[in-house]
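Engineer:
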Amino acid sequence: MPSLIATLLVRLALFRQKASKTEKTADALANIFKVHDTQELHDVHTRRTTVLHALPDYLLEEVSGFFRTCVDDMDEPDLWDASVVLLTTVSDDATSPVHYHPVRVSVVLEGDVVVNLPRLADAFLVMFGLIYALHLSYPKGLTNTFEFTQKILLGLDDSKLSPKLQTLKN
Numbered sequence: 001m002p003s004l005i006a007t008l009l010v011r012l013a014l015f016r017q018k019a020s021k022t023e024k025t026a027d028a029l030a031n032i033f034k035v036h037d038t039q040e041l042h043d044v045h046t047r048r049t050t051v052l053h054a055l056p057d058y059l060l061e062e063v064s065g066f067f068r069t070c071v072d073d074m075d076e077p078d079l080w081d082a083s084v085v086l087l088t089t090v091s092d093d094a095t096s097p098v099h100y101h102p103v104r105v106s107v108v109l110e111g112d113v114v115v116n117l118p119r120l121a122d123a124f125l126v127m128f129g130l131i132y133a134l135h136l137s138y139p140k141g142l143t144n145t146f147e148f149t150q151k152i153l154l155g156l157d158d159s160k161l162s163p164k165l166q167t168l169k170n
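Just so we're aligned: the sequence shown equals residues 1 to 170 in full-length UniProt numbering.
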């Protein structure tokens, strides 16, 4: 079984190819990769963050309600309507689509902050574990992203993949 890092690097290469070939997702993916390329350090955390932001765009899924951002010195945004959210808190009011050095990333379930973590990948994994363990529904509009995480990245279920995800696996 290939390592998770190797799988992520392969997916990152696929996302770059997709960004250059399709019009609909090209702008969103190009913006993510532009920010990635400007980073001084390209470590595993940077790559994981890039992949987590690129995957839903690649799968043409809506992430606006799932990935949310707030500034550290401001009040936390109203999350009462949020069933599942990853809230990234940044130190400045940057408009970047991806934040590689956040103050914290909060896992929000049913409108309540459950845990604060230093990196997006850590928060995503904890949030996925909570959803899986508590038998919660995946966020609306991100079913393919979570199915990909469950079945391909984590290998938790051997059932049949949707055609869209089957192309990613191959």
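Built from N, CA and C at the ideal position, the CB exists for glycine as well.
Using 8 Å for Cβ pairs, my map puts Asp122 next to Ser91. What's the rounded Cβ distance?
Structural biologist: 18 Å between Cβ atoms; not a contact.
Engineer: What are the boundary residues of the beta strand (DSSP E) that includes Asp112?
Structural biologist: 112 to 117
Engineer: Kindly list the residues whose CB is nearer than 8 Å to the CB of Met1, restricted to its own chain and excluding five residues on each side of it in sequence; keep chain order.
Structural biologist: With a pLDDT of only 47 at Met1, under the threshold of 50, the placement of this residue in the model should not be trusted; the figure read from the coordinates follows. So the list reads Gly155, once near-sequence residues are dropped.
Engineer: Runs of 4 residues minimum, wholly inside the stretch 64 to 144: which ones carry the alpha helix (DSSP H) assignment?
Structural biologist: 120 to 133
Engineer: Can you grab the Cα-Cα spacing for the pair Trp80 / Lys140, in whole Å?
Structural biologist: Distance between the alpha carbons of Trp80 and Lys140 is about 16 Å.
Engineer: Assuming Asp59 is part of the alpha helix (DSSP H), what are its boundary residues?
Structural biologist: Per the sequence presented here, residue 59 reads as Leu, with Asp not at that position. Counting along the chain, Leu59 falls outside any alpha helix (DSSP H), and DSSP gives it neither H nor E.
Engineer: Just confirm the distance between the C-beta atoms of Arg68 and Val85, as a whole number of angstroms; I'd bet it's less than 8 Å.
Structural biologist: 5 Å
Engineer: In or out: Thr145 buried (at least 16 other Cβ within 10 Å) or exposed?
Structural biologist: So Thr145 counts as buried.
Engineer: Looking at C-beta atoms only, is the number of pairs between the stretch 28 to 38 and the stretch 48 to 55 that lie closer than 8 Å three or more?
Structural biologist: yes
Engineer: DSSP three-state label for Asp157, please.
Structural biologist: coil
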